[in-house]
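Position 200 of the sequence shown, counted from 1, bears residue number 200 in full-length UniProt numbering, the numbering being contiguous throughout.
I have placed the structure first, in the form of structure tokens, so that the comments after it can refer back to it.
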Amino acid sequence: MYNTRGKGGIDTLDNENILQAVIIVDTFSQKLSPFCEHMPSSLIPLVNRPLLEYTLECLFLSGVQETIIFCSSFAEQVRDFIREERWPGLAINIVVSEGCRSLGDAMRDLDTKALIRSDFILLTGNLVSNLQLMPALERHKRIQKADKGAVMTLVFKECGRRWKAPEDDFTVALDSKTSRILLYSKKSRSQGKIDIPMETVLETAEIDLRSDLRDTDVCICSVAIPPLFSDNFDYQTKDDLVRGLLVQEEVVTNSLYCYLLPGKEYAATVTSWAHYQYITHDVIHRWTYPLVPDMFRHDPYLFRRNNIYIQPDISQSQDCKLEEDVVLARGTSVGQNSFITKSVVGRNCRIGNNVTIDNSYIMDNVTIQDGCQVSHSVLGPGVTLCAAASVSDGCLLGIGVVIDAGKHISQLRLQAQPSDDADSSAAIGSKAYLFNSISEDDSDSDSETKEVGTGLRIKNGEDDDDDWDDLSESDEEVTRSLSPLLEDTNLFYNEVVDSL
């Protein structure tokens, strides 16, 4: 076990009153491939910051004192990231168990090591959130006083239709008075009906049926949760635990509750490339305030009108155009007559002349030569697009991929090295090989947005903006009021200073 503490950290870690959090940095899934083949998914950058930084920043701002980071692979990369010690007062323990293949295995390992001493917060390393954890924790403790069997509070957020991918769809039945979870069904609404036991209906005065919620993957857990996984080896996921406890509720008096986030609070977990797109949009549009590019304590950005964020030390030709929703990191250069919109560009990238980048995510040290077109795609660190190449319709290019000059590709996952079982047909170029597509990313044909084989989503129609209607008007007003926008004078001043 590796331990690091920021300045002013906890002197002793055996105090039962210390607020603990457990971060599972592994997703135990290939949905974020090909990047998760070379790094933990929690270190994939979102708006040029590792996802784990958002998670730890949320815990730090909420007053969490001790965090256990559990990983089963890429432990050294996680250690290197944590060594920077950006969170004074937050003690961080890294627990490594290479044999773990699921959340259940992780919980059983933590139970064996007896690292959990009191109620704790369970979350993933892919969480982006500005939620205030204390109200949820205090409510959980109040519930425990009234219901000694309360073992977990699941944190949900009301959401719009854009979050309702088939894998996200669920229906939950709640006791209207107490918010106790009576039923949790992963059945899609398109399946028509769900079954609620008659005894549940008769025993509950009023029941709320909700299918408009998003599971944030944040849970407030009692110390009984790790032993429950140890006692039930068929529990591999959180859903297994929830279903098992609800089915066994008559025999074992364990109960589950839900906590709905207030409208001004945001929480979402990157579990697929579609979620990556949506959450990136939300960060750029400041729905996650104060976790926005210009407000981070470490390596902040300048904020300009039209949601454009830039860092110092960029080279930008006078006739290139940054339209809207653009993030440019330090050390990047943009050539003449190039056009960028609704995209994120990482550090030390080289973008040539007459390049178009639209709805794409460019990570660090990428080279895009003259005349290239990039649309609705993700380019990993060290990718090179040679002159006049075109990448579109949801391509995912892994670390170090090279696309030859004049090559046009779409809807492909590519990696720089061939798989062990790959044949000659898998080669797209000398450093571009097909990564096997995964069926779990397939979309529902009834969806209003088209989810291509890579998992990225592309809007059917000319106007992309209609797809970003997750917040109600009132929620957006609250969020905007919490995120002070720079006045025109300040914007002008920042632009003048930046140009000097």
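For every residue, glycine included, the Cβ atom is placed at its ideal position computed from N, Cα and C.
Query                                                                                                          : Result
Inter-residue spacing [alpha-carbon to alpha-carbon] between N48 and S410                                      : 24 Å
Residues that L256 bridges to, as DSSP identifies them                                                         : M152
CB contact flag (P226, L110, <7 Å)                                                                             : yes
Spatial neighbours of Q20 in its chain, beta-carbon cut-off 6 Å, leaving aside the 5 residues before and after : E66 and F120
Among P300, D325 and D319, nearest to D313 - alpha-carbon criterion                                            : P300
Unbroken beta strand (DSSP E) run spanning I143, endpoints                                                     : I143 -> not in any beta strand (DSSP E); alpha helix (DSSP H) instead, spanning L133 to A146.
The alpha helix (DSSP H) enclosing C58, as first and last residue numbers                                      : L51 to L61
Anticipated Cβ contact below 8 Å, I220 with T153, distance rounded                                             : 4 Å
For S129: DSSP bridge partner residues                                                                         : A267
Range of the contiguous alpha helix (DSSP H) that encloses I284                                                : W273 to I284
Reference P88, options S97, C71, F74 and E57, closest by Cα                                                    : E57
Same chain, Cβ closer than 6 Å to residue 523, five either side skipped, listed in chain order                 : Outside the shown range of the chain (1 to 500) lies residue 523, about which nothing can therefore be said.
Assumed close pair V172, L213 - CB separation to whole angstroms, cut-off 8 Å                                  : 6 Å
Nearest-angstrom Cβ-Cβ length linking D175 and I196, presumed shorter than 8 Å                                 : Actually they do not touch by this definition, with Cβ atoms about 12 Å apart.
When Q318, L434 and C159 are compared against K264, the one with the closest alpha-carbon                      : C159
Whole-number beta carbon distance between G429 and I399, since they are thought to touch under 8 Å             : Not quite, the Cβ-Cβ distance comes to about 15 Å (not below 8 Å), so this is no contact.
Residue burial classification, K31 (beta-carbon count within 10 angstroms, cutoff 16)                          : buried
Distance, A205 Cα to D80 Cα                                                                                    : 53 Å
Cβ neighbours of H408 in the same chain (closer than 6 Å, five flanking residues each side left out)           : S390
Reduced DSSP category for Q373 - H, G, I as helix; E, B as strand; rest coil                                   : strand
E66: first and last residue of the uninterrupted beta strand (DSSP E) it sits in                               : E66 to C71
G352 versus A387, D364, W273 and A106, residue with shortest Cα-Cα distance                                    : A387
Residues bridged to C100 [DSSP beta-bridge criterion]                                                          : DSSP output for C100 lists no bridge partner at all.
Residue from N17, I23 and Q132 with nearest C-alpha to R117                                                    : N17
Exposure label - L202; buried when at least 16 CB within 10 Å                                                  : exposed
Supposed close pair A150, V218 - CB separation, criterion 8 Å                                                  : Wrong, their Cβ atoms sit about 16 Å apart, outside the cutoff.
Counted within 10 angstroms of its Cβ, other Cβ atoms place R286 as buried (16 or more) or exposed             : buried
Sub-7 Å separation of P34 and R413 beta-carbons                                                                : yes
Contact check, Y259 vs A146, beta carbons under 7 Å                                                            : no
Whole-angstrom distance between P293 and V402, CA atom to CA atom                                              : 29 Å
N-terminal and C-terminal residue of the alpha helix (DSSP H) that S179 is part of                             : Unbroken run through S179: none, as it is neither H nor E.
6 Å CB neighbourhood of V355 in its chain, flanking five on each side removed                                  : S338, I368 and C372
CA-to-CA distance, Q144 to Y276, given in whole angstroms                                                      : 35 Å
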